[in-house]
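To keep things clear, I will list the structure first and then write my remarks on it.
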Amino acid sequence: MTGTGIASAGRSRRNREFWPAMAFIAPWLIGFAVFTAWPLLYSGYLALTDYDVITAPTFVGLRNFERILEDPKIARSLGNTLYYTVIQVPLHVLVALGLALLLERAGRASGFFRTAFFLPKMTPPVAVGILLLLLFNGQNGMVNGVLGWFGLDGPSWTTDPAWVKPGLVLMSLWTVGSTVVILLAALRNVPVELYDAARVDGASFLRRTTRITLPMISGTLFFVVVVDTIGAFQTFTEAYTAYFGSGNTTYSNDSALFYSIYLFQQAFQYLHMGYASAMAWLLFVVILAITVIQLIGSRRLVYYEGGRS
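If you read the sequence shown in UniProt numbering, its first letter stands for residue 1, the second for the next number, and so on.
Structure (structure tokens):
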């Protein structure tokens, strides 16, 4: 067969395989177009309009973005979100890594504890928000009760503006189990030979952890940090349920006013859908910028078997 014939046969085979392949991925493509791509594009249009859901959108250009610069609650909610993220993400990763290291040494019991750590992740976020008010109640909450056993006076977690966000951070550790499972899988992929060689050289557990474990799982750690950062910037349900869902004004609502909550209020409470769309695009840009910074920083910190990223 000539070269032209071989090329023609190859194209014919690819054409026969193309349509069946498209049929298999068509449900995903349709779902992506309907539930992701179209809402994304339409929100970009709405960000340039004044839209209250009831009447037709009115084009206002960049007025919504100018309003963002003038709105003091934008800076407050972004500051609250950034504060929460800077504390929550490192603490979440450190606790998950510590638990994963313990599980790796648990032997046959690791399966039970892995399941036990993961189960709280299945708790509905609304229930977690209610649980927060019960556990962190400043007068009769369980957390302050435990602190009292050690002679410590617990703070007013839910009413003191200085302690609202730390309380939310601590409550977020309730769902650390999913990260524990991911890191445990990464730990079990570290070659045992590296640990054996380190033990022969007399390396301590701390040295083995810092010189072998952390570099070898740095790719997974980086993935967890990026995903947790995006999730922290979008945190909503627990804080909204605890401080806004009931309409109770006795709590320090502004201290728990995260950006996603303020966006939700503008969209569905005040029906400022155009303004909320502009806020959503600002959040997208902020998360994108932080993710790009993390990707650039990972080139020095993340190790891959084929070399550094």
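Beta carbons are placed, not taken as given, at the ideal position from N, Cα and C, and that holds for glycine. Note that this is a predicted model, so its numbers are computed, not measured.
From what residue to what residue does the alpha helix (DSSP H) around Leu62 run?
-> From DSSP, Leu62 is part of no alpha helix (DSSP H); its letter is neither H nor E.
Whether Ile182 touches Thr123 by CB criterion (8 Å) = Contact: no.
Assuming Val225 and Val89 make a contact with CB atoms under 8 Å, what is their CB distance in whole Å?
-> Their Cβ separation, rounded to whole angstroms, is 6 Å, which keeps Val225 and Val89 in contact under 8 Å.
In whole angstroms, what is the alpha-carbon distance linking Ala289 and Ser43?
-> When rounded, the separation of the alpha-carbon atoms in Ala289 and Ser43 is 20 Å.
On the three-state DSSP scale, how would you describe Tyr270?
-> If DSSP states are grouped into helix, strand and coil, Tyr270 belongs with coil.
Could you tell me the distance, in whole angstroms, from the CA atom of Leu135 to the CA atom of Ser156?
-> Computed Cα separation, rounded: 11 Å.
To which residues of the same chain is Ala106 closer than 8 Å at the C-beta, ignoring the five residues directly before and after it?
-> Only Phe113 meet the Cβ criterion.
Reduced DSSP secondary structure (H/G/I, E/B, other) of Thr210 = Helix, per DSSP.
Taking all protein chains shown into account, do 16 or more other C-beta atoms lie within 10 angstroms of the C-beta of Leu206, making it buried, or fewer, making it exposed?
-> By the neighbour-count definition (other C-beta atoms within 10 Å, threshold 16), Leu206 is an exposed residue.
With distances taken Cα to Cα, identify the nearest neighbour of Ala185 among Ile217, Ala37 and Arg199.
-> Looking at Ile217, Ala37 and Arg199, the one whose alpha-carbon comes closest to that of Ala185 is Ile217.
Contact set for Phe117: own chain, Cβ-Cβ below 8 Å, skip 5 residues either direction | So the qualifying residues of the chain are Leu99, Leu103, Val176, Gly177, Val180 and Val181.
Runs of alpha helix (DSSP H) lying entirely within the region 61 to 99, each at least 4 residues, in chain order = Whole alpha helix (DSSP H) segments, 4+ residues: 63 to 70.
State yes or no: is the C-beta of Val128 within less than 8 Å of the C-beta of Ser255?
-> Contact: no.
What does a CB cutoff of less than 8 Å around Leu173 pick up in its chain, not counting 5 residues either side in sequence?
-> Within the same chain, Leu173 has close Cβ partners Leu91, His92 and Val95.
Beta-carbon proximity check, Ala278 vs Asn144, cutoff 8 Å = Against a cut-off of 8 Å, the Cβ pair of Asn144 and Ala278 comes out as no contact.
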